[in-house]
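In our numbering, the protein residues as written are -3 to 102.
Written below as structure tokens is the structure these notes are about.
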Amino acid sequence: DVIKVFKYFADLISQQQNRKVNVDRENVESTIHYEPVGVVGLITPWNYPLLQASWKIAPALAAGCTFIVKPSELTPSTTSLLMDTLTEAGVPDGKTKDRSGSNEEL
């Protein structure tokens, strides 16, 4: 399921690249260009930690955003392993960061 989530958002963003928009004017062409919004904060719950994190991380990566993910303090290892996998897959340094701990600590 997790791989399907990443594939879904990768396919979705590639379909949106340089999409033309009809503006109903002669000799006028309009193209949509998407840009990252900046750093995104992602907070994930304890239930289904890998899938929940994927549903937040995959669209952030597809949009080109840098993100910080804060997993539940009950299940931090799952997100940490996903982050290691993203690094091994070639996600550039500085694009991702995970912070774990209780709300009081952070």
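We put the beta carbon where it would ideally sit given N, CA and C, even for glycine.
Check: Look up Lys91 in the DSSP assignment and say whether it is helix, strand or coil.; Outcome: coil
Check: Leaving aside the five residues before and after Phe5 along the sequence, list all residues of the same chain whose C-beta is less than 6 Å from its C-beta, in chain order.; Outcome: Ala54, Pro55 and Ala58
Check: Do the segment 65 to 77 and the segment 33 to 42 meet, that is, are 3 or more Cβ pairs less than 8 Å apart?; Outcome: yes
Check: In terms of residues, what are the limits of the beta strand (DSSP E) holding Ser26?; Outcome: Ser26 to Ile28
Check: Thinking just about the alpha-carbon of each residue, which of Lys0, Tyr30, Lys93 and Asn23 is nearest to the one in Gln11?; Outcome: Tyr30
Check: Helix or strand or just coil, what does DSSP make of Val33?; Outcome: coil
Check: Can you tell me the Cα-Cα spacing of Glu84 and Asn18, whole angstroms?; Outcome: 41 Å
Check: Using a Cβ-Cβ cut-off of 8 Å (strictly less than) and excluding sequence neighbours within five positions of Val1, which residues of its own chain qualify?; Outcome: Leu47, Ser50, Trp51 and Ala54
Check: Cutting at 7 Å between CB atoms, please list the residues of its own chain near Met79, excluding the five before and the five after it.; Outcome: Thr92 and Asp94
Check: Does the separation of the CB atoms of Asn61 and Val87 fall below 8 Å?; Outcome: It is worth fixing the name first, because residue 61 is Cys in this sequence and not Asn. Taking 8 Å as the Cβ cut-off, Cys61 and Val87 do not qualify as a contacting pair.
Check: Could you name the residues that DSSP lists as bridge partners for Val19?; Outcome: For Val19, which the question treats as bridged, DSSP gives no partner whatsoever.
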